[in-house]
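Residue numbers (the working numbering), protein chains in the order written: chain B, 1 to 346; chain V, 347 to 662.
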């Protein structure tokens with residue numbers, strides 16, 4: 001990837017200069033509630049510049065809602081609480097007005113969605129769509145510059161014949177090419193934070209490898225923060241340095257990738273890692289599983305959300321487990337954590 | 347799904363075959379391959395774009411040959427658009443090939459009318475990828491699982507058979523009164539498997555059976571599938587894009603690309619020492635926890651894919 005500032009023109013220079021060293025994204029006690037249920041509770045996380053953080057969870061665990069809440073894109077029926085601060089933005093993103101959010105989205109923070117066909121406008125040539133995000137935020141001087149920058153960005157994300165691709169409509173491109181276009185749009189204004197929500201789930205495995213490489217190189221070249229959401233532990237481990245594990249709308253464990261994968265403390269993380277490691281089996285040659293299935297909203301047990309599927313659960317688990325750890329970035333919330341030696345702590 | 351239901355229904359309404367009570371797999375002698383595919387091709391014609399020229403032709407399958415022995419667990423791996431699903435549809439008699447032959451348990455499937463495919467419907471059943479769209483939302487589980495029995499006009503105590511099948515896939519027989527939407531994804535896929543097993547088929551085709559499921563549930567369903575294949579001595583043909591799944595379940599694997607089989611062999615051998623550049627790219631591209639922990643990053647995976655592609659270009 002060539003130097004991004006060549007292709008896109010940097011935004012307001014103060015964006016990248018103020019509060020250098022502090023976290024790019026700081027989320028505190030974020031919650032999302034519908035009229036009946038609490039869907040996400042008490043999520044806190046911090047991401048610094050150049051840091052790549054993964055958010056792991058199964059469907060229904062609240063990871064996408066967390067991302068949408070950070071961007072202020074929640075549906076009207078849902079309400080966010082807590083605080084989301086972004087470096088370079090003067091307002092708290094929770095409760096900010098649409099005018100402020102529209103200025104922030106696509107400039108300071110941008111998102112790559114799971115399904116590129118629904119993220120792109122089917123009636124617009126893709127070059128125009130890449131140029132649009134720069135014109136809207138006035139990070140380039142004019143239409144011609146924007147179009148030239150768009151072609152350069154499309155070349156950056158590895159599309160062959162970028163000038164021809166820029167004139168194509170989304171339906172003329174393959175799934176991998178479309179996701180590259182979405183990535184080009186997301187990176188166009190050199191955002192401080194890139195959020196990727198299952199960006200490669202719809203792609204084939206060889207294309208996935210190439211797109212993951214582009215995402216990593218894109219954020220590294222811009223020294224941007226990355227929040228990478230996926231249900232695939234292997235993908236997250238490949239891309240990220242640090243992960244948060246979500247289950248039932250709460251973060252149950254967080255820490256460096258190596259620690260989470262080799263020495264998980266929370267019982268859910270332990271089960272998830274074992275179930276994802278399809279190469280190994282137990283003594284009977286069967287895959288390790290987590291018993292039961294993810295409950296629907298409002299059907300999670302009181303106290304520890306994982307208690308009804310956990311083999312180590314006792315009556316103590318009817319009380320919400322406290323967060324054990326030095327910070328929100330490293331720790332776990334479990335009454336009966338896996339001990340470092342593999343047994344159970346008393 | 348709907349094709350198949352319609353055909354089983356209409357078949358059962360018109361014909362009642364004398365040999366219906368003896369499944370063909372008992373007739374067939376040992377040594378006959380469960381599935382025998384010889385030089386299969388399938389062309390689809392795209393809609394025409396001009397008045398003067400016919401529409402362009404898509405070669406979905408170009409000369410596919412394979413044999414699956416009885417009792418074997420056979421995996422088919424490939425990316426979207428490589429022809430895996432077309433191959434499965436032809437094996438299941440849902441589609442006719444442009445040329446080539448398919449025989450199941452020694453009996454030809456290709457070139458026969460729908461009406462003469464009863465042996466196939468009794469012997470070979472399918473599990474589809476998305477359980478939500480392959481289960482009728484307006485039917486109770488009891489009726490869904492008994493549907494193949496009704497369609498094939500198989501006698502016996504259907505209620506008892508349904509209860510037996512539901513417990514075989516790890517569901518409480520009491521759930522027979524519920525509707526599909528009352529189940530989770532993993533449970534729906536179990537129902538789908540129970541339905542496929544209803545007519546006691548000898549061969550099970552599974553088209554991406556776990557790719558729509560959560561990680562924690564995926565392992566459960568794969569275990570159930572493995573147990574059933576053992577218990578009922580089934581021949582399994584499993585299609586997946588996930589090499590990990592195929593490696594765990596299957597003993598033999600075929601790798602497809604562009605409508606052709608580029609490599610086939612024992613699963614462990616194909617994964618550990620792939621010979622075709624495409625297989626090498628496929629194996630190199632899979633992220634695993636083990637690789638990640640040993641320091642392999644996205645750039646390394648991508649480099650592996652590019653290397654293999656270059657090698658393929660050099661070979662061509």
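Backbone N, C-alpha and C fix where the C-beta goes; we use that ideal spot for every residue, glycine too.
Quick caveat, the model's predicted, so the values are computed rather than measured.
message: Give me the residue from V:446, V:587, V:421 and V:481 with the minimum Cα distance to residue 581 (chain V).
response: V:421
- request: Could you check which residue in B:215, B:213, B:231 and B:108 has the C-alpha nearest to that of residue 557 (chain V)?
  value: B:231
message: Taking DSSP's pairing of strands, which residues face residue 413 (chain V) in a bridge?
response: V:382
Contact with chain V by residue 258 (chain B), beta-carbon distance below 9 Å: yes
field: Contacts of residue 627 (chain V) in chain B (Cβ-Cβ under 8 Å)
entry: 206
query: Alpha carbon to alpha carbon, what distance is there between residue 641 (chain V) and residue 535 (chain V)?
result: 36 Å
message: Within 9 Å of any Cβ in chain V, is that where the Cβ of residue 294 (chain B) sits?
response: yes
message: Could you tell me the alpha carbon to alpha carbon distance between residue 474 (chain V) and residue 573 (chain V), rounded to whole angstroms?
response: Roughly 18 Å separates the two Cα atoms.
- request: Answer yes if the segment 252–264 of chain B comes into contact with the segment 201–214 of chain B, meaning at least three C-beta pairs across the two stretches below 8 Å, and no otherwise.
  value: no
- prompt: Beta-carbon of residue 457 (chain V) versus every beta-carbon of chain B: anything under 9 Å?
  reply: no
message: Rounded to whole angstroms, what is the Cα-Cα separation between residue 632 (chain V) and residue 648 (chain V)?
response: 10 Å
- prompt: Smallest Cα separation from residue 98 (chain B): which of B:87, B:72 and B:120?
  reply: B:72
Sub-9 Å separation of residue 248 (chain B) and residue 300 (chain B) beta-carbons: yes
- prompt: From this set, B:104, B:312, B:211 and B:22, which residue's C-alpha is nearest residue 268 (chain B)'s C-alpha?
  reply: Closest option to residue 268 (chain B), Cα to Cα, is B:312.
message: Assuming contact is defined by CB atoms lying nearer than 9 Å, are residue 691 (chain V) and residue 547 (chain V) in contact in what I supplied?
response: The structure shown does not extend to residue 691 (chain V), since chain V spans only 347 to 662, so no value can be given for it.
field: 9 Å Cβ cutoff, residue 634 (chain V) in contact with chain B
entry: yes
- prompt: Along chain B, which residues have their Cβ under 8 Å away from the Cβ of residue 645 (chain V)?
  reply: 213, 216 and 217
Nonlocal neighbours in the same chain, by C-beta distance under 6 Å from residue 179 (chain B), ignoring five residues either side: 116 and 211
query: From residue 501 (chain V) to residue 416 (chain V), what distance separates their C-alpha atoms?
result: One C-alpha to the other measures close to 26 Å.
- prompt: Would you say residue 396 (chain V) faces chain B, with C-beta separation under 9 Å as the test?
  reply: No, no contact with chain B.
query: Is it the case that the CB of residue 534 (chain V) approaches a heavy atom of the ligand FAD more closely than 8 Å?
result: The model depicted lacks the ligand FAD and carries no ligand whatsoever.
- request: Have a look at the DSSP bridge pairing and note the partners of residue 254 (chain B).
  value: B:244 and B:331
Span separating the alpha-carbon of residue 555 (chain V) from that of residue 592 (chain V): 11 Å
query: Can you round the beta-carbon distance between residue 25 (chain B) and residue 173 (chain B) to whole angstroms, since I take them to be within the 8 Å contact cut?
result: Not a contact, Cβ separation roughly 31 Å.
message: Looking at the secondary structure, which residues open and close the alpha helix (DSSP H) in which residue 119 (chain B) lies?
response: Residues 116–119.
query: Which residues in the same chain as residue 382 (chain V) place their Cβ atom closer than 6 Å to its Cβ, once the five residues preceding and following it in sequence are excluded?
result: 413 and 449
task: Use the C-beta contact count for residue 90 (chain B): other C-beta atoms within 10 angstroms, 16 or more gives buried, fewer gives exposed.
output: With fewer than 16 other CB atoms across the displayed protein chains lying within 10 angstroms of its CB, residue 90 (chain B) is exposed.
- prompt: By the 10 Å Cβ neighbour count, where 16 or more other Cβ atoms means buried, how is residue 419 (chain V) classified, buried or exposed?
  reply: buried
message: Any C-beta of chain B within less than 8 Å: which residues of the segment 559–571 of chain V qualify?
response: 560, 561, 562, 563, 564, 565, 566, 568 and 569
field: Contact residues within the segment 273–284 of chain B, judged by C-beta distance below 9 Å to chain V
entry: Listed in chain order, the positions of the segment 273–284 of chain B with a beta carbon within less than 9 Å of a beta carbon of chain V are 273, 274, 275, 276, 277, 278, 279 and 281.
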